[in-house]
Amino acid sequence: MARASDDNLTALLMALVRSGISDAPMSPELLPRFAVLPDSDWQALLSMARRQTVTGLLVVALEHLPEDIPVPPAVEFALMAEADRLELNYFRMSEAVRELEADFHSKGITPVWLKGLECARFYPRPELRELGDIDLWLRPRDFSTAGFVSSAPDGSYHFQFQGFDVDVHRDYYDISHHEGLPKIPSPEAELLMLNVHILKHACSTGIGLRQLCDMVQAYSRLPYDEEKYKAACCNAGILRWTVLLSSFLGKYFGDGSAPLFGQASVNPAPLERIIRRGGNFGHHESGRQAALSRKPLLRKADTFWRMLRSLPFALRYAPAEALYYGLSLIRGNIKTNK
Amino acid sequence: MKLSGHCRLHKSRGKHVLIMYGRSTHALEVNESFAHIWRHFSALEFTEADVASFLESTYNLDAAKAEREASQIIGLWQEHQMII
Numbered sequence: 490m491a492r493a494s495d496d497n498l499t500a501l502l503m504a505l506v507r508s509g510i511s512d513a514p515m516s517p518e519l520l521p522r523f524a525v526l527p528d529s530d531w532q533a534l535l536s537m538a539r540r541q542t543v544t545g546l547l548v549v550a551l552e553h554l555p556e557d558i559p560v561p562p563a564v565e566f567a568l569m570a571e572a573d574r575l576e577l578n579y580f581r582m583s584e585a586v587r588e589l590e591a592d593f594h595s596k597g598i599t600p601v602w603l604k605g606l607e608c609a610r611f612y613p614r615p616e617l618r619e620l621g622d623i624d625l626w627l628r629p630r631d632f633s634t635a636g637f638v639s640s641a642p643d644g645s646y647h648f649q650f651q652g653f654d655v656d657v658h659r660d661y662y663d664i665s666h667h668e669g670l671p672k673i674p675s676p677e678a679e680l681l682m683l684n685v686h687i688l689k690h691a692c693s694t695g696i697g698l699r700q701l702c703d704m705v706q707a708y709s710r711l712p713y714d715e716e717k718y719k720a721a722c723c724n725a726g727i728l729r730w731t732v733l734l735s736s737f738l739g740k741y742f743g744d745g746s747a748p749l750f751g752q753a754s755v756n757p758a759p760l761e762r763i764i765r766r767g768g769n770f771g772h773h774e775s776g777r778q779a780a781l782s783r784k785p786l787l788r789k790a791d792t793f794w795r796m797l798r799s800l801p802f803a804l805r806y807a808p809a810e811a812l813y814y815g816l817s818l819i820r821g822n823i824k825t826n827k
Numbered sequence: 035m036k037l038s039g040h041c042r043l044h045k046s047r048g049k050h051v052l053i054m055y056g057r058s059t060h061a062l063e064v065n066e067s068f069a070h071i072w073r074h075f076s077a078l079e080f081t082e083a084d085v086a087s088f089l090e091s092t093y094n095l096d097a098a099k100a101e102r103e104a105s106q107i108i109g110l111w112q113e114h115q116m117i118i
């Protein structure tokens with residue numbers, strides 16, 4: 490049988506992702522397509538899931554697939570090994586965060602944990618959500634109390650703890666202005682933070698499916714006030730972007746999975762292209778891996794070039810941020826290189 | 035002796051699979067009995083006699099047969115470096 494087209498494979502991958510995200514069987518009308526899928530297409534789906542760092546969702550989806558749907562043993566076994574890796578990492582990171590939190594509290598510091606492990610709690614099987622760094626935000630007074638000195642271009646402080654990279658952020662929101670934004674912490678604040686995190690990466694090197702899955706789960710699990718959240722998006726100047734984001738989520742996860750604030754959904758193709766092109770944070774785009782292994786100046790030049798390339802997208806969907814991300818990166822690099 | 039922490043048993047879609055991690059990763063499909071025995075001993079320190087005793091009581095084997103089966107099982111585990 491001829492290899493499925495990319496669009497076909499995307500549809501099949503998203504069916505598995507939806508099943509994984511909900512920890513439930515997929516719609517039965519899709520099963521006949523999986524029943525005749527050749528081994529090569531299953532391998533392609535595994536490869537796509539790796540690029541998008543959503544292999545944990547495929548692990549869950551496979552558990553719900555009827556036993557009469559053949560899955561190549563190599564794919565099944567690879568996903569089992571993935572599950573082991575993800576679970577081990579989750580439990581190690583959870584332990585590391587517990588120790589960090591205790592340490593912060595002993596100094597009178599209250600961290601607000603971001604992304605990663607916090608997003609994992611939205612999933613039915615949190616231990617299968619891919620994790621990278623430990624991210625947290627400290628209020629300015631806590632940043633000083635901790636004795637942290639910003640070392641990164643974006644003003645954050647980095648250190649290593651029990652084998653994990655820890656990023657301590659000065660800014661909760663990756664956005665140019667912070668007036669009229671929700672109180673931290675709150676469900677609306679967390680949604681906005683996740684939202685602009687996706688925007689920031691979509692406007693630079695790229696973003697993958699993992700963070701989009703986090704977003705749809707967050708919308709589903711957080712008890713947020715839609716009017717307050719809409720107001721926050723308006724104040725942040727990202728309403729148009731948020732409608733694009735919601736249109737993407739609506740297309741792949743169902744109507745109502747993300748708020749449109751009474752607006753019509755739009756064609757999500759611009760965001761689809763970004764996700765497909767580079768996968769996880771754009772790392773799988775041609776040339777990016779090579780750039781990341783080069784000297785810092787060449788690495789930063791590659792990042793900057795990709796930002797410039799994304800400028801039309803950024804200007805269309807979040808014009809206030811279009812220049813902010815590039816300028817703040819330049820400003821930050823000048824400061825850290827002094 | 036103990037079962038190696040470098041092996042993890044999975045059940046998925048009616049199959050039991052032991053994933054073995056070492057220099058390279060291997061997968062071994064096993065049957066229900068193997069999986070049951072593995073799960074019982076996975077967190078324990080045990081002897082061959084413990085395995086024989088478990089087989090005798092779980093599968094209604096006579097003592098001699100249980101000892102022979104236990105010896106074979108331990109041998110298999112040792113052969114595949116599943117025991118530490």
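Protein chains in written order, with the numbering used here: chain A, 490 to 827; chain B, 35 to 118. Built from N, CA and C at the ideal position, the CB exists for glycine as well.
- Annotation: residue 611 of chain A is outside any alpha helix (DSSP H) and is labelled neither H nor E by DSSP.
- Residue nearest to residue 603 of chain A within the set A:554, A:617, A:655 is A:655 (criterion: CA-CA distance).
- Judged by beta-carbon spacing, residue 505 of chain A lies beyond the 7 Å limit of residue 533 of chain A, meaning their Cβ atoms are not closer than that value.
- In this structure, the alpha-carbon of residue 590 of chain A lies about 52 Å from that of residue 101 of chain B.
- Under the three-state reduction of DSSP, residue 651 of chain A is assigned to coil, being neither helix nor strand.
- If you draw a straight line from the Cα of residue 815 of chain A to the Cα of residue 805 of chain A, it is about 16 Å long.
- Contacts between residue 108 of chain B and chain A, judged by CB atoms closer than 8 Å, are missing: the closest CB pair is about 25 Å apart.
- Taking all protein chains in view, the Cβ of residue 744 of chain A is surrounded by fewer than 16 other Cβ atoms within 10 Å, so the residue is classified as exposed.
- Under a criterion of Cβ atoms nearer than 9 Å, no residue of chain A is adjacent to residue 50 of chain B; the nearest Cβ is some 11 Å distant.
- Using a C-beta cut-off of 8 Å, the segment 103 to 111 of chain B makes contact with the segment 75 to 92 of chain B, since at least three inter-stretch Cβ pairs fall below that distance.
- Look at residue 61 of chain B: its C-beta is under 7 Å from a C-beta on chain A.
- With contacts defined by Cβ atoms closer than 7 Å, residue 680 of chain A and residue 718 of chain A form a contacting pair.
- Rounded to the nearest angstrom, the Cβ distance from residue 793 of chain A to residue 818 of chain A is 7 Å, consistent with a contact under 8 Å.
- By the neighbour-count definition (other C-beta atoms within 10 Å, threshold 16), residue 638 of chain A is an exposed residue.
- When secondary structure is reduced to three states using DSSP, residue 508 of chain A falls in the helix class.
- Cβ neighbours of residue 35 of chain B within its own chain (closer than 6 Å, five residues either side excluded): 117.
- One thing to note: residue 748 of chain A has its Cβ within 7 Å of the Cβ of residue 715 of chain A.
- The beta-carbon of residue 105 of chain B is placed no less than 7 Å from the nearest beta-carbon of chain A.
- A distance below 7 Å separates the beta carbons of residue 767 of chain A and residue 695 of chain A.
- For residue 47 of chain B, the nearest CB of chain A lies under 7 Å from its own CB, placing it at the interface with that chain.
- For residue 747 of chain A, the secondary structure class from DSSP, reduced to helix, strand or coil, is coil.
- Judged by DSSP in its simplified three-state form, residue 723 of chain A adopts helix.
- At a cut-off of 7 Å, the C-beta of residue 619 of chain A has no neighbouring C-beta in chain B.
- Residue-level contact check: residue 44 of chain B touches chain A, since one or more beta carbons of chain A fall below 7 Å from its beta carbon.
- Taking residue 529 of chain A as reference, the option from A:522, A:561, A:770, A:515 with the minimal CA-CA separation is A:561.
- Shown here, residue 35 of chain B sits in coil according to DSSP, grouped into three states, outside any helix or strand.
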